[in-house]
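Undergrad: Residue numbers (my numbering): 122 to 464.
Where is the CB? At the ideal position from N, CA and C, for every residue including glycine.
Small disclaimer: the values here were computed from a predicted structure and weren't measured.
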């Protein structure tokens with residue numbers, strides 16, 4: 122009898138311990154109300170979860186987690202949610218010095234308030250990993266400064282959170298979207314764009330872009346329908362995004378492509394380490410130290426932006442449309458700086 126009783130006590134103790142660990146797991150995921158916590162525990166443990174007097178048992182578990190393990194769980198009254206602030210002795214995740222250095226790199230590269238980490242939920246991930254560390258390692262992390270960081274430029278324009286959330290959902294569900302967009306060439310009111318969305322990209326200069334195939338623009342401007350366009354997220358008007366019922370086709374429509382060819386002078390290319398900025402890039406290094414590069418692009422405007430970084434060390438050879446873009450750019454710069462191109 123005593124043996125059975127002892128086994129029952131051990132089983133009861135194990136169930137209690139498991140229930141409390143589950144509480145911590147749920148709170149690690151997010152802040153939660155008492156009803157949400159009880160429902161999560163009962164969904165996992167079934168009849169072995171909380172009894173009918175669940176509120177009292179939940180409070181007892183909180184007290185035990187605080188007293189036995191040093192967990193800090195506080196009640197956020199305005200939100201009516203319990204929040205896990207410190208794991209105490211349950212902080213079982215420890216990291217090597219190399220991993221701590223990597224964590225410091227992420228902290229330095231993706232600070233609070235920067236667009237990319239907020240929209241990609243990187244800050245939430247970093248803070249969650251830090252919470253899982255023992256207190257001494259948390260203190261080390263707060264005092265550590267990484268000597269390496271990822272340069273992402275400025276914050277760019279403000280991006281509406283709801284815009285990003287709706288676009289992400291449409292991409293995941295493979296649905297068309299509509300939105301009002303104010304491009305560089307829209308002087309007055311924004312225009313309505315219907316697009317097939319495929320991804321969101323943040324670039325080193327700090328701007329976020331929606332990669333999409335443009336299907337319809339009202340009224341139509343200079344956009345080529347069925348072409349691939351990168352829409353600046355901060356130029357999509359807040360409150361204007363609508364996900365449509367139309368599903369995207371299994372394969373993305375192939376946009377028009379352009380074979381580009383350009384040369385770089387020897388001063389840039391002589392070390393034979395020229396960057397490959399475009400798909401299908403082929404680099405031929407010439408005897409005089411210069412290089413000739415061929416590639417395929419879908420957006421000539423973006424190709425011009427990339428190649429302008431070389432200044433007068435780059436000469437575009439083809440296609441004619443890209444050469445024309447550079448001529449117009451050169452003429453505009455000449456007007457700005459008072460240089461006569463004919464002289």
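Which complete alpha helix (DSSP H) runs does the segment 228-313 hold, if anything under 4 residues is left out?
TA: 236-240, 243-253, 256-264, 282-294
Undergrad: Could you tell me which residues DSSP puts in a beta bridge with residue 318?
TA: 333
Undergrad: From the DSSP secondary-structure annotation, give me the bridge partner or partners of residue 187.
TA: DSSP, once it has assigned bridges, lists no residue as partnering residue 187.
Undergrad: Go through the segment 173-221 residue by residue and report every complete run of the beta strand (DSSP E) that reaches 3 residues or more, in order.
TA: 193-197, 202-207
Undergrad: From residue 141 to residue 182, what distance separates their C-alpha atoms?
TA: 6 Å
Undergrad: With respect to the alpha helix (DSSP H) encompassing residue 157, which residues constitute its N-terminal and C-terminal limits?
TA: 155-166
Undergrad: Short check: CB of residue 412 to CB of residue 390, under 7 Å?
TA: Closer than 7 Å, so yes.
Undergrad: Leaving aside the five residues before and after residue 281 along the sequence, list all residues of the same chain whose C-beta is less than 6 Å from its C-beta, in chain order.
TA: 359
Undergrad: Kindly list the residues whose CB is nearer than 7 Å to the CB of residue 352, restricted to its own chain and excluding five residues on each side of it in sequence; keep chain order.
TA: Cβ neighbours of residue 352 beyond the five flanking positions: 302, 330, 331, 333.
Undergrad: By a C-beta neighbour count over all protein chains shown, 10 Å radius and 16 as the cutoff for buried, is residue 122 buried or exposed?
TA: Residue placement at residue 122 cannot be trusted, given a pLDDT of 41 that sits under 50; the coordinates are not used to answer.
Undergrad: With respect to the beta strand (DSSP E) encompassing residue 449, which residues constitute its N-terminal and C-terminal limits?
TA: Run containing residue 449: none in the beta strand (DSSP E); it sits in the alpha helix (DSSP H), 441-458.
Undergrad: According to the neighbour-count rule (16 or more other Cβ atoms, all chains shown, within 10 Å of its Cβ), is residue 212 buried or exposed?
TA: Buried is the label assigned to residue 212, since at least 16 other Cβ atoms lie within 10 Å of its Cβ.
Undergrad: What's the C-alpha gap between residue 180 and residue 136?
TA: 16 Å
Undergrad: Under a three-way DSSP split, which group does residue 401 fall into?
TA: coil
Undergrad: Measure how close the beta-carbons of residue 312 and residue 299 come, nearest whole angstrom, since I'm counting them as under 8 Å.
TA: Their Cβ separation, rounded to whole angstroms, is 11 Å, which puts residue 312 and residue 299 out of contact at 8 Å.
Undergrad: Just to confirm my understanding: we take residue 175, look at its own chain, exclude 5 residues before and 5 after, and list those with CB closer than 6 Å. What are they?
TA: By the criterion of a C-beta distance shorter than 6 Å, residue 175 is surrounded in its chain by 159, once the five residues flanking it on both sides are discounted.
Undergrad: What does residue 426 pair with, by DSSP beta-bridge criteria?
TA: Per DSSP, none; premise fails for residue 426.
Undergrad: Excluding the 5 residues flanking residue 344 on each side, which residues of the same chain have their C-beta closer than 6 Å to its C-beta?
TA: 335, 338
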